[in-house]
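Protein chains in written order, with UniProt numbering: chain A, 1 to 293; chain B, 1 to 257.
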């Protein structure tokens, strides 16, 4: 029994890491109806920038601030160079643009910052402790705390502030938002910046676990099933989706893996996501699709 | 300040297209004097909405654009101005079909209309309270999501949200669409009061000619993207031929008492 609980807990904790990546997608999807394929590249860019600065001897907090600055500059550039010329185009067009953008960001990041694998040590021990018989590390607890804090901050930002209300207004009805003078470029810059900060947080936690390298940008592939299950437009959905994917992946690995003589965790989430697409295409928490123009 | 007699908005021979080829407006010229209520009449597809969107520059969203002519506001061309800049100059459009933010509460909907002016928290609160004075039934529903309101209430939210921007000119597209006659009358009465007491100028696109000419000072009739008739509301109303020709007599029942 304890074994089972341990598997589930470990899965849930891994799931939170997926959720952190997925939240970045949700933010941009909500504000512009676009699946931003470049979010994975943003994770790579942010982690790579941070780790490079850190290796040059800058303290953590300064690395963080400078990286956030880099991400804001990147957001402004993306809005100006990619989104603005494509304004009023279909979401498909924008999706293709973000696909191209992901290659540009990955290429530039590696061109400037190199292709080496970097070790990133946030200084939080990732050694399992025995906590009432559960195998949980300090790092796991830290990840959980960061996720909860991030969701709380985002909820506050969206719920209470003027920027948040404008953002939800744009997500709800772009045309009406423009009719009352909300400037889409402004909103996009903000959303991309916030998604950038989320990418940085995800990048740091993932980087701490598996090193900072090109494969970080492939976390997109982990976020996909999470988003399909949780719903593309819901932050709580991203969290719940992440937890579901994490837990079932782990369970499948233990109980189904031996039957097929191999690891199933790489593809099991996709089976689950496909089932969701058939039964509940908007995901658990997704809003009914809003037609955007 | 002269309230009447000054033309604030002028459209001069405006032509517009959707996509590459569909000619929507074929030379629309009209003027809206400050402090007046002007009606834009015509059947479906005559170009009423396109005219309003050309002014607010929301045409781009439906891939339309003005290709000829000029639109000037207080003597200056506003053609091609960013929609947010148009709002900043005091022109706000209430879209056809209301377009409330369905997932936002009534209060948030109203507040969003005021953001552009960057008011303080207290000022925003006071402005919202003034909207509730105009539309008392919104006050009880201030924490309800707008998508759950009735059509009439949504129209009130849409107008209230636009009023939060403190417009000089409000462009109203089909405010009566799909609403019960009593609600329509209530809304038009409020429009009239806003015009009289607050000095808001209105350009109203309406299919229901009998109704709107009852409240308007002046009317322009559009057909196939052209102004075919214009005149004082009273004159248009009494010209039975025109009414019968363009609108049949189906609208008679909607004449407010």
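The beta carbon of each residue, even a glycine, is placed where N, CA and C say it ideally should be.
- Residues of the segment 177 to 188 of chain A that bring their beta carbon within less than 8 angstroms of a beta carbon in chain B comprise 177, 178, 179, 180, 181, 182 and 183, in sequence order.
- Cβ neighbours of residue 30 of chain A within its own chain (closer than 6 angstroms, five residues either side excluded): 171 and 233.
- Looking at the DSSP output, residue 39 of chain A shares a beta bridge with no other residue.
- At a beta-carbon threshold of 7 angstroms, the residues of chain B lying near residue 88 of chain A are 60, 61 and 63, ordered along the chain.
- Within the same chain, and ignoring the five residues on either side of residue 54 of chain B in sequence, the residues whose Cβ sits closer than 7 angstroms to its Cβ are 14, 16, 25, 66 and 71.
- The alpha-carbon separation between residue 221 of chain B and residue 207 of chain B amounts to approximately 10 angstroms.
- Your pair residue 146 of chain B and residue 104 of chain B checks out as a contact, with CB atoms roughly 6 angstroms apart and the cut at 8 angstroms.
- Straight across, the Cα-Cα distance linking residue 20 of chain B with residue 61 of chain B is about 14 angstroms.
- In the DSSP assignment, residue 218 of chain B falls outside any alpha helix (DSSP H) and lies within the beta strand (DSSP E) extending over 218 to 223.
- Relative to residue 7 of chain A, the option among A/129, A/28, A/134 and A/61 whose CA is nearest is A/134.
- Within chain A, the residues placing a beta-carbon under 7 angstroms from that of residue 102 of chain B are 172, ordered along the chain.
- If the five residues before and after residue 276 of chain A are omitted, its C-beta is found closer than 6 angstroms to the C-beta atoms of 228 and 229, all from its own chain and listed in chain order.
- For residue 201 of chain B, the beta-bridge partners assigned by DSSP are B/169.
- Neighbourhood of residue 169 of chain A in chain B, by CB distance below 7 angstroms: 101, 104 and 112, in chain order.
- Considered as a whole, the segment 53 to 85 of chain A harbours 60 to 78 as its complete alpha helix (DSSP H) runs of no fewer than 4 residues, in chain order.
- If you draw a straight line from the Cα of residue 59 of chain A to the Cα of residue 110 of chain A, it comes to about 23 angstroms.
- Just so you know, the alpha carbons of residue 36 of chain A and residue 195 of chain B end up roughly 46 angstroms apart.
- In the three-state scheme derived from DSSP, where H, G and I count as helix and E and B as strand, residue 141 of chain B is classed as coil.
- Neighbours of residue 93 of chain B across chain A, judged by C-beta separation under 8 angstroms: 179.
- Residue 209 of chain B is positioned such that its CB atom lies no closer than 9 angstroms to that of residue 225 of chain B.
- DSSP places residue 206 of chain B in the strand class (E or B) of the three-state scheme.
- Nearest CB-CB separation between residue 83 of chain B and chain A: below the 9 angstroms threshold.
- Not a single CB atom of chain A sits nearer than 9 angstroms to the CB of residue 236 of chain B.
- The beta carbon of residue 213 of chain A sits closer than 6 angstroms to the beta carbons of 117 from its chain, once the five residues preceding and following it are set aside; these are given in chain order.
- Distance from the Cα of residue 193 of chain A is smallest, within the candidate group A/65, A/18 and A/13, for A/65.
- Looking at the backbone, the Cα of residue 177 of chain A and that of residue 160 of chain B are separated by about 14 angstroms.
- Look at residue 66 of chain B: its C-beta is not under 9 angstroms from any C-beta on chain A.
- Note that the C-beta distance between residue 235 of chain A and residue 27 of chain A is below 9 angstroms.
- Taking residue 89 of chain A as reference, the option from B/107, B/108, B/63 and B/86 with the minimal CA-CA separation is B/63.
- Of A/225, A/49, A/239 and A/216, the smallest CA-CA separation from residue 267 of chain A is found for A/225.
- When secondary structure is reduced to three states using DSSP, residue 29 of chain B falls in the strand class.
- For residue 284 of chain A, no CB of chain B lies under 9 angstroms from its own CB, so it is not counted at the interface with that chain.
- Residues of chain A with a Cβ closer than 8 angstroms to the Cβ of residue 56 of chain B are, in chain order, 179.
- Bridge partners of residue 65 of chain B according to DSSP: B/17.
- In the DSSP assignment, residue 178 of chain A falls within the alpha helix (DSSP H) that extends over 174 to 179.
- Between the C-alpha atoms of residue 168 of chain A and residue 158 of chain A there is a straight-line separation of about 7 angstroms.
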